[in-house]
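> Residue numbers (my numbering), protein chains in the order written: chain A, 63 to 228; chain B, 63 to 228. All residues carry an ideal CB built from backbone N, CA and C; glycine is no exception.
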DNA sequence: ATTGATAATCTCAACGTTGAAATAAGAGCA
DNA sequence: TGCTCTTATTTCAACGTTGAGATTATCAAT
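(1) Here's the rule: buried if 16 or more other CB atoms are within 10 angstroms of the residue's CB, otherwise exposed. What is residue 164/B?
(2) Which one of 201/B, 219/B, 188/B has the shortest CA to CA distance from residue 111/B?
(3) Residue 195/B: buried (16+ other C-beta within 10 angstroms of its C-beta) or exposed?
(4) Jot down the residue ranges of each uninterrupted beta strand (DSSP E) in the stretch 125-204 of chain B, minimum 3 residues, whole runs only, in chain order.
(5) What is the DSSP secondary structure of residue 87/B, reduced to helix, strand or coil?
(6) When you compare the stretch 104-121 of chain B with the stretch 149-168 of chain B, are there three or more beta-carbon pairs, one atom per stretch, that lie closer than 8 Å?
(7) Do you know how far the Cα of residue 74/A is from the Cα of residue 66/B?
(8) Here's the rule: buried if 16 or more other CB atoms are within 10 angstroms of the residue's CB, otherwise exposed. What is residue 146/A?
(9) How big is the Cα-Cα spacing for residue 203/A and residue 103/A?
(10) Quick one: residues in its chain with C-beta nearer than 7 Å to the C-beta of residue 137/B, no 5 flanking neighbours on either side, listed in chain order?
(11) At which residues does the alpha helix (DSSP H) containing residue 76/B begin and terminate?
(12) Tell whether a beta-carbon distance below 9 Å holds between residue 220/B and residue 71/A.
(13) Please name the residues in the stretch 86-97 of chain A whose beta-carbon is closer than 8 Å to at least one beta-carbon of chain B, in chain order.
(14) Around the C-beta of residue 167/B, are 16 or more other C-beta atoms found within 10 angstroms, so that it is buried, or is it exposed?
(15) Kindly indicate which three-state DSSP category residue 96/B falls into: helix, strand or coil?
(16) For residue 190/A, decide whether its Cβ has a neighbour in chain B, counting only Cβ atoms nearer than 9 Å.
(17) Would you say residue 183/A lies against chain B (beta-carbon separation less than 9 Å)?
(18) Nearest by alpha-carbon distance to residue 161/A: which of 83/A, 107/A, 141/A, 184/A is it?
(19) If you run the structure through DSSP and keep just helix, strand and coil, what is residue 206/A?
(20) Buried or exposed: residue 223/B, going by 16 or more other Cβ atoms within 10 Å of its Cβ?
(21) Around the C-beta of residue 82/B, are 16 or more other C-beta atoms found within 10 angstroms, so that it is buried, or is it exposed?
(22) So does residue 73/B have its beta carbon nearer than 8 Å to some heavy atom of the ligand MN?
(23) Which same chain residues, not among the five before or five after residue 193/B, have their C-beta less than 8 Å away from its C-beta?
See below:
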């Protein structure tokens with residue numbers, strides 16, 4: 063089965079036969095997949111009245127374990143967005159009653175963000191269906207292919223220095 | 063080598079042992095790689111005074127072959143952004159002298175966008191170094207891993223229906 | 001204690017995209 | 001010829017992110 067990137071690479075091979083464009087077979091597919099999968103996830107979360115970034119914040123706090131709180135900085139690094147974006151997101155989630163801001167007793171520069179009971183209940187309700195939806199999106203891969211794929215992506219991520227979450 | 067997604071999955075395994083979060087090993091890595099690679103490409107193109115999206119438009123036109131022109135709609139589908147975004151991008155690239163708008167003689171609703179001589183020269187100058195830069199970013203993979211990775215990503219893209227460019 | 005450097009967060013103007021509506025033109029059919 | 005549906009593009013207000021700067025606090029060294 064040919065995909066959009068096969069066509070793209072065939073065009074380059076015809077127009078610029080002097081170039082070996084093999085990297086596009088990986089870079090182009092990661093970029094296109096990222097966009098397509100984002101759309102799918104957006105649609106899924108909308109069915110729960112959630113924005114995708116809201117779930118990201120909830121999930122980051124949830125998986126950190128009790129008491130389900132992290133500093134703004136940790137959230138900003140986990141989400142790979144600027145600190146200003148996190149301030150904005152937290153403002154809206156506080157207004158929605160999903161999280162609360164708590165001053166850090168050790169470092170008065172820091173703000174800790176904590177799941178409310180409502181936020182905790184919501185993320186625990188959504189995460190199961192979310193993983194099932196992700197599995198549906200990846201159903202074209204058999205178990206062996208999944209492992210190989212995850213392994214190659216891990217190699218790449220690690221080589222780019224993405225080894226911590228914040 | 064562990065990466066950020068290994069940590070994330072270990073957290074979920076601890077907090078929600080009832081869930082098998084294997085899909086995150088692929089979905090999470092595609093999302094994080096996409097962001098990291100975007101940053102790298104942005105930096106690369108900046109060294110040529112280009113935005114990433116400008117190169118995307120130039121490259122889409124260039125690889126379509128002479129006379130290096132496509133409709134606005136074809137660009138919009140190839141770039142996976144809304145038609146409004148393409149109008150905006152084309153406005154700025156016309157102002158910069160990289161492309162020109164030409165009425166379509168067959169369909170008066172359509173506008174054809176064509177590379178100027180300057181746009182053609184620029185994309186032909188940049189594409190080689192661009193591919194070399196992409197190869198550098200993927201250097202952690204050996205040739206066999208590259209092929210397997212590209213193959214698995216192709217399977218996924220095709221299963222999501224991404225089989226044409228416009 | 002004071003100074004200077006570093007760090008955590010917030011603020012805000014600039015920017016680009018989205019999504020929906022508007023405009024205009026082709027296509028099918030009676 | 002007139003009607004309706006569809007398609008191609010542009011317009012524009014709303015929205016969220018970025019990137020730089022401001023603020024406040026910690027840390028290390030003296």
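Reading it off the structure:
(1) exposed
(2) 188/B
(3) buried
(4) 131-133, 161-165, 173-177
(5) helix
(6) yes
(7) 34 Å
(8) exposed
(9) 18 Å
(10) 119, 122, 148, 175
(11) 66-77
(12) no
(13) 86, 87, 88, 89, 91, 92, 93, 94, 95, 96, 97
(14) exposed
(15) helix
(16) yes
(17) no
(18) 184/A
(19) helix
(20) exposed
(21) exposed
(22) With respect to the ligand MN, the structure shown offers nothing to examine, as it has no ligands at all.
(23) none
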